[in-house]
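Counting in my numbering, the sequence shown runs from 1 upward without gaps. C-beta atoms are modelled at their ideal positions from N, C-alpha and C, and glycine is treated no differently. If you're wondering where the values come from, they're calculated on a predicted model, not measured in any experiment.
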Amino acid sequence: MYRCPECEGEINQASEICPRCGADLALLAEAALAAEPSKPRSTPRLLLIWVWVIVVIAGGIYLFVWYVLPEYSATESPQQAEVRAIDALRAVQSSLTRYAAAEGHFPESLEPLGEQAKTAAQSALRGGYTLQYVPGGTVNGGTAHTYSLTARPTRYSLLNFYADQTGTIHMTHENRAALPTDPTL
Numbered sequence: 001m002y003r004c005p006e007c008e009g010e011i012n013q014a015s016e017i018c019p020r021c022g023a024d025l026a027l028l029a030e031a032a033l034a035a036e037p038s039k040p041r042s043t044p045r046l047l048l049i050w051v052w053v054i055v056v057i058a059g060g061i062y063l064f065v066w067y068v069l070p071e072y073s074a075t076e077s078p079q080q081a082e083v084r085a086i087d088a089l090r091a092v093q094s095s096l097t098r099y100a101a102a103e104g105h106f107p108e109s110l111e112p113l114g115e116q117a118k119t120a121a122q123s124a125l126r127g128g129y130t131l132q133y134v135p136g137g138t139v140n141g142g143t144a145h146t147y148s149l150t151a152r153p154t155r156y157s158l159l160n161f162y163a164d165q166t167g168t169i170h171m172t173h174e175n176r177a178a179l180p181t182d183p184t185l
């Protein structure tokens with residue numbers, strides 16, 4: 001049981017008005033709460049809260065950037081990445097040459113070349129390059145008799161490469177796809 005703060009009589013906990021003296025218990029409770037001083041937070045506690053908030057935000061940004069940015073191996077030098085891309089281009093070129101010798105034309109995509117082309121593309125990707133194959137020079141039958149193969153880096157300061165059915169590989173330092181007019185390796 002609770003007591004009325006005005007008449008000290010016993011009252012029910014859920015009562016809003018005292019049945020003996022008629023005092024409004026809701027107003028008295030609000031006044032009592034307003035009269036109690038709120039305990040201020042200490043400076044070290046506020047500092048700890050801010051540090052925690054900053055750590056959570058920084059962790060969130062780090063995880064977001066880690067998720068969004070492409071995979072990059074800091075242990076691999078730019079020269080090693082470029083060698084990977086060149087090796088991948090040569091492997092895909094040899095597969096394309098074998099395919100053209102057998103079929104009489106180049107494929108519409110790299111899928112018919114099988115596992116060797118897939119492995120080469122994955123190797124280039126691990127080195128920080130993406131390969132793009134574009135068949136060209138189609139004739140009446142719709143078959144390709146030329147192609148272009150580019151290797152574009154996913155990070156800055158790496159070379160861009162271009163290869164075609166002639167077997168030569170062209171490169172450029174500029175931030176664009178290499179062209180057949182660029183210098184050869």
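Alpha-carbon to alpha-carbon, residue j and residue i
i, j, result
"E82", "A88", "10 Å"
"N160", "E108", "23 Å"
"E6", "P37", "22 Å"
"L110", "G60", "39 Å"
"E16", "I57", "46 Å"
"L25", "Y62", "54 Å"
"Y2", "T43", "38 Å"
"S148", "F64", "35 Å"
"E30", "R45", "28 Å"
Closest by C-alpha distance to residue i, when choosing among the options
i, options, result
"S77", "V55, R126, R41", "R126"
"D164", "N175, P153, G137, Q79", "G137"
"Q79", "N175, P153, S42", "P153"
"H173", "T166, P183, G167", "P183"
"T150", "A85, S42, C18", "A85"
"H130", "A100, A102, E115, Y162", "In the sequence as presented, His is not what sits at residue 130; that position holds Thr. Of the listed residues, the one whose Cα sits closest to T130 is Y162."
"H117", "A102, E103, Y133, G128", "The question names His, but residue 117 in the sequence shown is Ala. Closest option to A117, Cα to Cα, is Y133."
"T168", "S157, P112, L185", "L185"
"T166", "E103, E30, P180", "P180"
Pair within 7 Å by beta-carbon distance, residue i and residue j
i, j, result
"T143", "H105", "yes"
"H170", "A178", "yes"
"I11", "C21", "no"
"G128", "R155", "yes"
Residues that residue i bridges to, as DSSP identifies them
i, result
"H170", "Y162, T184"
"L131", "A151"
"Y67", "Paired residues: none, contrary to the question."
"E10", "R3"
"T143", "BP columns for T143 are empty, so no partner."
"D24", "I17"
"G136", "T146"
Spell out a yes or no on whether the segment 43-50 and the segment 89-109 are touching, meaning 3 or more CB-CB pairs, one atom from each, closer than 8 Å. no
On the three-pair Cβ rule with 8 Å, is the segment 96-106 touching the segment 58-68? no
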